[in-house]
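Below you'll find the structure, written out as structure tokens, and then a few comments.
There are 2 protein chains.
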Amino acid sequence: MTRATAGPRPGRSSPAAFAHVAPVFTALGDPTRLHLVSRLCHEGPLSIARLTDGTPLTRQAVTKHLQVLEGAGLAAAVREGREQRWRVDARRMAETRRLLERISAQWDGALARLAAFVESGR
Amino acid sequence: MTRATAGPRPGRSSPAAFAHVAPVFTALGDPTRLHLVSRLCHEGPLSIARLTDGTPLTRQAVTKHLQVLEGAGLAAAVREGREQRWRVDARRMAETRRLLERISAQWDGALARLAAFVESGR
DNA sequence: GTCATGAGCAACCTCTTAGTTGCATGTAAC
DNA sequence: GTTACATGCAACTAAGAGGTTGCTCATGAC
Numbered sequence: 006m007t008r009a010t011a012g013p014r015p016g017r018s019s020p021a022a023f024a025h026v027a028p029v030f031t032a033l034g035d036p037t038r039l040h041l042v043s044r045l046c047h048e049g050p051l052s053i054a055r056l057t058d059g060t061p062l063t064r065q066a067v068t069k070h071l072q073v074l075e076g077a078g079l080a081a082a083v084r085e086g087r088e089q090r091w092r093v094d095a096r097r098m099a100e101t102r103r104l105l106e107r108i109s110a111q112w113d114g115a116l117a118r119l120a121a122f123v124e125s126g127r
Numbered sequence: 006m007t008r009a010t011a012g013p014r015p016g017r018s019s020p021a022a023f024a025h026v027a028p029v030f031t032a033l034g035d036p037t038r039l040h041l042v043s044r045l046c047h048e049g050p051l052s053i054a055r056l057t058d059g060t061p062l063t064r065q066a067v068t069k070h071l072q073v074l075e076g077a078g079l080a081a082a083v084r085e086g087r088e089q090r091w092r093v094d095a096r097r098m099a100e101t102r103r104l105l106e107r108i109s110a111q112w113d114g115a116l117a118r119l120a121a122f123v124e125s126g127r
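From first to last, the protein sequence lines are chains A and B. Offset between the first sequence (1-based) and the numbering used here: plus 5. Offset between the second sequence (1-based) and the numbering used here: plus 5.
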């Protein structure tokens, strides 16, 4: 990976450069998963069974969603007895937040430069 | 499953409450689309043909991606002669940025409250 | 020990997505 | 008026996502 360091170095990044970012968006791009994240944020660590109670879905479906969140680094589980307590990974969540901020700042920057360029009369 | 029947109450939002947010994440959850957004941000309005030049994809594939972005309100096109000039919708983009900030702030808030709760001795 | 609960695994189904190809259409250019 | 370029539309394929069912395994409660 030639990325991830201090200088975001946006420039003409290739599609591959976004391969690290995309999964996070993908993970958040589902209402059910957003709901799970929300619940984990507000109610604290919950078992799969508890999380399932809040949805019209099967336990298996919820499990899969949790695994997607885990894959994106947004959630993690710890075994506790016969339960598995899922929680939002605060650190990763903060990272994600900073990521989102960096990206949107990048957009803003690019759009501002673009506007300046266009308004300068080309 | 006592859920899902409730009204659109904020706060402990139901999955449906995220139905408006999710599409934005979904649209951004693809490396190719992120790349397109990036190019449109940095290079300004481009035709489909130009955008296609930057990828190994077919023009049709690029068109579909653009339509997804359009569906999420992130991009829009204006006909110019025989071309269609696609550009990032700056206003919507700013809205999206604020949306992301609101969501992440919500996470942070929830996580902070949760941490305080846990550390207070349960 | 027995029973109920919480979870893992695997096979299967269906709908969507990402991508293609082929052909038709409108507009510029010469 | 041809010719070339920029798109649009439709049908089709392949793979992945979201979801279910059925069965098995571990653990906690009684």
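Built from N, CA and C at the ideal position, the CB exists for glycine as well.
Where residue i falls, given that 16 or more other Cβ within 10 Å makes a residue buried
i: T31/B; result: buried
i: T101/A; result: buried
i: P61/A; result: exposed
i: H70/A; result: buried
i: A117/A; result: exposed
i: A66/B; result: exposed
i: A54/B; result: exposed
i: A115/B; result: buried
i: A24/B; result: exposed
Per DSSP, the bridge partner or partners of residue i
i: L51/B; result: W91/B
i: E100/A; result: According to DSSP, E100/A bridges with nothing at all.
i: E85/B; result: E88/B
Reduced DSSP category for residue i - H, G, I as helix; E, B as strand; rest coil
i: A80/A; result: strand
i: L39/B; result: helix
i: L74/A; result: helix
i: L62/B; result: coil
i: S109/A; result: helix
i: G114/A; result: helix
i: V67/A; result: helix
i: A121/B; result: helix
i: A24/A; result: coil
i: G16/B; result: Unreliable positioning characterises G16/B in this predicted model, as indicated by a pLDDT of 45, which lies under 50. The coordinate reading is nonetheless provided below. Reduced to three states, the DSSP call for G16/B is coil.
i: T10/B; result: Interpretation of T10/B is limited by its pLDDT of 37, a score under 50 that renders its predicted location unreliable; no figure is taken from the coordinates.
Contacts around residue i, its chain only, beta-carbon distance under 7 Å, and the 5 residues preceding and following it disregarded
i: L33/A; result: L39
i: T63/A; result: none
i: V73/A; result: A32 and R38
i: T57/B; result: R64 and V67
i: E85/B; result: none
i: R97/A; result: G78 and L79
Cutoff 8 Å; reference residue i; Cβ partners in own chain excluding five residues on either side
i: G59/A; result: H40 and R44
i: S109/B; result: none
i: A29/A; result: It is Val, not Ala, that sits at residue 29/A in the sequence shown. Only A77, G78, L79, T101 and L104 meet the Cβ criterion.
i: E75/B; result: A81 and A82
Spatial neighbours of residue i in its chain, beta-carbon cut-off 6 Å, leaving aside the 5 residues before and after
i: R87/A; result: none
Heavy atom of the ligand SAM within 7 Å of residue i beta-carbon
i: E100/B; result: Absence of the ligand SAM from the depicted structure is noted, as is the absence of any ligand whatsoever, leaving it without description.
- Task: Take every Cβ of the region 119–126 of chain B, pair it with every Cβ of the region 45–58 of chain A, and state whether three or more of those distances are shorter than 8 Å.
- Result: yes
- Message: Under 8 Å: do the region 72–80 of chain B and the region 90–108 of chain B share three or more Cβ pairs, one atom per stretch?
- Response: yes
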